[in-house]
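Position one of the sequence shown corresponds to residue 3 (our numbering), numbered consecutively onward. Ideal Cβ placement from N, Cα and C applies to all residues, glycine included.
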Amino acid sequence: MHLLKSLKLVHYEHPIHRNPHLHRRHKLVAKLAEQIQLAQDSAYKPTKIQYVADGDGNLTPVQRSKRPSLVEYQNG
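Given below as structure tokens:
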């Protein structure tokens, strides 16, 4: 019990610079998951968040659907 009382708690600082390879990998995984959902469910519409300014100039987040791709490939 004496050992637990002698320990000090410190605030953990997250590293500012993150691994760019890991960031790209997470971004690629998210895009692939979106493509899988589009292939499995024809009613699925991916969304994005846009910031819209009102009359006073305040920005509010609005969730809108992404534009579908207009390119259609035949036979794969």
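The DSSP assignment places complete alpha helix (DSSP H) segments of no fewer than 4 residues inside the segment 8-63 at 22-42, in order along the chain. Rounded to whole angstroms, the gap between the alpha carbons of R27 and H19 is 16 Å. DSSP links R66 through a beta bridge to K50. The alpha-carbon separation between D43 and R69 amounts to approximately 16 Å.
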